[in-house]
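Okay, so here's the structure we're looking at.
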Amino acid sequence: MEWDKTNLIEFLESNDQKQIIVEDTGGAVRLRGMLKHPGERDICGSILYEATLIPVIEGLEVSLTLHNDFLGIHILADSTHGNESSLSCAAEISYKKLAIYPG
15 MEWDKTNLIE
25 FLESNDQKQI
35 IVEDTGGAVR
45 LRGMLKHPGE
55 RDICGSILYE
65 ATLIPVIEGL
75 EVSLTLHNDF
85 LGIHILADST
95 HGNESSLSCA
105 AEISYKKLAI
115 YPG
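The opening residue of the sequence shown carries number 15 in this note's numbering; numbering runs sequentially from there.
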């Protein structure tokens, strides 16, 4: 299936609280986890559509943000020392290279 923002929103809303797999068909990214809380968010005055993916790795959280031409991914890992995250990285997957399905 070729994804765009509209049909990806429909997929996320119909798979809330279910396991899904998100991957870049080019092989750069593959994530599996429980999808939670898809919906619109007001972030600094801009309305964005986001969802959270909770992988089985404890302390890891993935934010999925839908843009017009790509899916933004932000991976954040809790730190065992203080308030600072021990891992924070971002990636983008163009909708042309996106594979997402129940997992």
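Don't be surprised by glycine CBs; every beta carbon is placed ideally from N, CA and C.
Proximity to residue i [Cα-Cα], best of the options
{"i": "Glu-72", "options": "Leu-62, Gly-59, Met-48, Ile-61", "result": "Met-48"}
{"i": "Arg-55", "options": "Arg-46, Ile-114, Thr-66", "result": "Thr-66"}
Span separating the alpha-carbon of residue i from that of residue j
{"i": "Leu-101", "j": "Ile-68", "result": "15 Å"}
{"i": "Leu-22", "j": "Asp-38", "result": "14 Å"}
{"i": "Glu-16", "j": "Cys-58", "result": "31 Å"}
{"i": "Val-70", "j": "Ile-34", "result": "12 Å"}
{"i": "Thr-79", "j": "Glu-64", "result": "4 Å"}
{"i": "Gln-31", "j": "His-51", "result": "8 Å"}
Status (buried if at least 16 other CB within 10 Å, exposed otherwise) for residue i
{"i": "Ile-61", "result": "exposed"}
Other residues of its chain near residue i: CB distance less than 6 Å, five sequence neighbours each side excluded
{"i": "Ala-105", "result": "Val-43, Ile-87"}
{"i": "Val-36", "result": "Leu-45, Ile-114"}
Same chain only: Cβ atoms within 7 Å of residue i, ignoring 5 sequence neighbours per side
{"i": "Phe-84", "result": "Glu-106, Ile-107, Ser-108, Tyr-109"}
{"i": "Cys-103", "result": "Ile-89"}
Own chain, CB closer than 8 Å to residue i, minus 5 neighbours either side, in chain order
{"i": "Lys-111", "result": "Asp-38, Thr-39, Gly-40"}
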